[in-house]
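**Q** First the structure, which I've put down as structure tokens, then a few questions once you've had a look.
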Ligand SMILES: [Zn+2]
């Protein structure tokens with residue numbers, strides 16, 4: 056018998072050994088399959104889950120599906136024995152909001168628009184100073200501490216909030232008690248803007264912090280031109296002239312400050328949501344943790360103008376969620392066969408991404424494992440599609456942030472990919488000054504801002520982004536599987552290498 060076995064091994068070993076040798080990483084990467092991805096994604100993005108809006112029934116169904124998957128795999132439930140980390144949010148809608156000047160009241164969404172989520176302490180009165188475009192030079196000779204600041208802006212749009220970040224922030228740094236924005240847009244355009252924002256805000260603005268009275272200064276008022284004219288008792292053209300003249304002419308200091316009263320009231324209700332976490336303990340380096348994230352919430356049901364109202368979010372971000380689940384399965388299989396990771400892995404699907412990265416913010420503020428022991432975060436937000444730039448081109452993925460904090464992380468990610476999956480890594484969005492600002496726009500940012508090296512994987516902005524047409528039928532599952540494997544190889548190296556990656560960049 057013994058000899059017979061030897062004979063068989065003689066024949067079998069060279070064939071498998073020579074032609075099909077696989078590293079352990081390759082062996083387990085192959086457990087990430089198109090079929091598994093398709094099965095799970097079809098459930099997460101089905102109409103039954105109603106677009107997984109934060110706090111909704113559909114989001115909770117998705118959470119249960121993920122927790123169940125973690126349980127089946129035998130992952131540890133790390134939040135006091137639960138897979139759920141509760142994230143309590145508040146949905147805030149505008150109440151009675153107005154500005155009064157010289158006895159006239161200007162109401163919200165008509166002559167003024169308030170964008171923010173916390174109420175004032177009743178009716179507040181204040182002195183108002185016009186600071187032109189609000190550049191550093193404009194403040195020469197002006198005292199704005201504890202005063203309401205009005206600054207001039209060229210455009211009115213939702214983009215204004217990011218574009219205006221600098222002048223608004225500067226005004227606050229100068230001690231302004233509240234910031235107001237006066238736009239060069241005419242009353243018609245202002246009316247459109249007000250209507251648009253009213254529609255948007257009446258659906259409820261989610262926040263992580265309980266909206267505290269007295270924090271209205273964290274928001275911004277937008278003023279229609281006639282309101283500013285009344286406040287400063289002058290014409291709009293005189294205000295613009297003062298704003299555009301050289302600071303040396305001191306035109307701004309010659310304008311008489313105005314006086315106003317304002318009130319911001321808000322209606323808020325609590326929204327219960329949750330992150331879903333599964334933990335796989337490492338071996339000799341188990342104190343160190345690599346966190347793999349994707350958000351599993353989406354934008355829910357909205358009128359689209361077509362018959363379909365459900366935003367299925369197949370790509371955004373059921374694709375990333377399924378990649379996390381499949382990676383978990385691959386690492387669990389490795390551990391079962393004695394090839395478990397040396398460092399620990401936290402698989403975390405987060406909530407509240409779509410309205411402000413709340414789930415990941417909550418996690419870093421209430422970490423289950425110390426942030427100091429958190430080695431890296433790999434975050435996935437949309438990896439199931441191809442954008443227009445890459446139509447008909449080789450398989451790719453946008454890689455963002457890998458080189459920002461750790462040169463080793465960047466090299467590992469490059470090397471893993473060139474050894475195995477060989478995707479084209481596109482770094483277009485890696486530039487921190489890229490107008491899309493993607494480095495700060497998904498959940499990885501909450502880790503990065505805490506000094507934890509991150510990589511963000513993304514497939515690009517396509518025509519179905521945040522549309523009801525982000526459907527399962529449009530997912531390229533082969534490509535999704537290839538990208539998930541690429542991430543898996545990088546994670547494999549991060550958890551198994553001898554040295555923890557160094558943070559050597561700032
Ligand atoms: Zn997303």
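In this note's numbering, the protein residues as written are 56 to 561. No residue lacks a Cβ here, since even glycine has one placed at the ideal position from N, Cα and C. As the structure is a computational prediction, the values presented were derived from the model and not from experiment.
Please determine if the segment 403 to 418 and the segment 537 to 546 are in contact, where contact requires at least 3 C-beta pairs separated by less than 8 Å.
**A** Judged by Cβ distances under 8 Å, the segment 403 to 418 makes no contact with the segment 537 to 546, as fewer than three pairs qualify.
**Q** Give the DSSP-derived three-state secondary structure of residue 437 in the structure shown.
**A** coil
**Q** Using C-beta distances below 6 Å, list every residue in its chain close to residue 256, excluding the 5 sequence neighbours before and after it, in chain order.
**A** 149
**Q** For residue 194, does the three-state DSSP call read helix, strand or coil?
**A** In the structure shown, residue 194 adopts helical secondary structure according to DSSP, grouped into three states.
**Q** For ligand 1, which residues have a Cβ under 6 Å from at least one heavy atom, in chain order?
**A** 350, 371, 372, 408, 436, 437
**Q** Tell me where the alpha helix (DSSP H) around residue 417 begins and ends.
**A** 413 to 420
**Q** By DSSP, does residue 178 sit in helix, in strand, or in coil?
**A** strand
**Q** Which residue or residues does DSSP assign as beta-bridge partners of residue 403?
**A** 332, 348
**Q** What did DSSP end up calling residue 523 once you bin it into helix, strand or coil?
**A** The three-state reading of DSSP puts residue 523 in coil, since its state is none of H, G, I, E or B.
**Q** Going straight from the alpha carbon of residue 377 to that of residue 84, what length do you get?
**A** 14 Å
**Q** Which stretch, first to last residue, makes up the beta strand (DSSP E) that contains residue 150?
**A** Run containing residue 150: 139 to 156, per the beta strand (DSSP E) assignment.
**Q** Counting Cβ pairs, one atom from each stretch, are 3 or more of them under 8 Å apart for the segment 506 to 515 and the segment 422 to 440?
**A** yes
**Q** Could you spell out the range, first to last residue, of the beta strand (DSSP E) harbouring residue 511?
**A** DSSP places residue 511 in the uninterrupted beta strand (DSSP E) bounded by 509 to 513.
**Q** Give the range of the beta strand (DSSP E) segment to which residue 467 is assigned.
**A** First-last for residue 467: 462 to 474, but that is the alpha helix (DSSP H), not the beta strand (DSSP E).
**Q** Report back the beta-carbon spacing between residue 186 and residue 235 to the nearest angstrom; my notes put them in contact at under 8 Å.
**A** That belief does not hold up - the Cβ atoms of residue 186 and residue 235 are roughly 10 Å apart, past 8 Å.
**Q** Does the Cβ of residue 348 have 16 or more other Cβ atoms within 10 Å, making it buried, or fewer, making it exposed?
**A** So residue 348 counts as buried.
**Q** Per DSSP, what kind of secondary structure is residue 502 in: helix, strand or coil?
**A** Correct three-state label for residue 502: helix.
**Q** Between residue 298 and the rest of its own chain, which residues show a CB-CB distance below 6 Å, the 5 nearest in sequence each way excluded?
**A** Within the same chain, residue 298 has close Cβ partners 187, 188, 207.
**Q** Please state if the CB of residue 130 and the CB of residue 333 are separated by a distance shorter than 8 Å.
**A** yes
**Q** Using 8 Å as the threshold, is the C-beta distance between residue 51 and residue 240 below it?
**A** Given that the chain is displayed from residue 56 to residue 561, the structure contains no residue 51 and the question cannot be resolved.
**Q** Please confirm if the segment 157 to 168 is in contact with the segment 274 to 282, defined as three or more CB-CB distances below 8 Å between the two stretches.
**A** Flag = yes, the segment 157 to 168 and the segment 274 to 282 touch.
**Q** Quick check on residue 551: does DSSP put it in helix, strand or coil?
**A** helix
**Q** Within this structure, are the beta carbons of residue 53 and residue 313 separated by less than 8 Å?
**A** A question about residue 53 goes unanswered here, because the residues of the chain that appear run from 56 up to 561.
**Q** Quick one: grab the DSSP three-state call for residue 276.
**A** strand
**Q** Would you call residue 20 buried or exposed, if buried means 16 or more other Cβ atoms sit within 10 Å of its Cβ?
**A** Missing from the structure shown is residue 20; the chain here goes from 56 to 561 and no further.
**Q** So, using beta-carbon positions, are residue 173 and residue 270 closer together than 8 Å?
**A** yes
**Q** Would you mind stating whether residue 140 and residue 330 have Cβ atoms separated by less than 8 Å?
**A** Contact: yes.
**Q** Less than 8 Å separating the beta-carbons of residue 96 and residue 373?
**A** yes
**Q** Is the CB-CB distance between residue 232 and residue 201 below 8 Å?
**A** Note that the C-beta distance between residue 232 and residue 201 is below 8 Å.
**Q** Would you call residue 46 buried or exposed, if buried means 16 or more other Cβ atoms sit within 10 Å of its Cβ?
**A** Any question about residue 46 goes unanswered here, given that the chain covers just 56 to 561.
**Q** Nearest CA to the CA of residue 399: which residue from 409, 386, 411, 408?
**A** When only C-alpha atoms are compared, the closest one is 386.
**Q** Got a sec? Which residues, its chain only, sit under 7 Å from residue 291 by beta carbon, not counting five neighbours each side?
**A** Listed in chain order, the non-local C-beta contacts of residue 291 below 7 Å within the same chain comprise 280, 283, 284, local neighbours out to five positions each way being set aside.
**Q** Return the CA-CA distance between residue 227 and residue 318, expressed in angstroms with no decimal places.
**A** 19 Å
**Q** Determine the burial state of residue 352: buried for a count of at least 16 other Cβ atoms within 10 Å of its Cβ, exposed for fewer.
**A** Flag for residue 352 reads buried.
**Q** Just to confirm, does residue 111 get its C-beta within under 7 Å of one of the non-hydrogen atoms of ligand 3?
**A** Ligand 3 is not among the ligands present in this structure, which contains only ligand 1.
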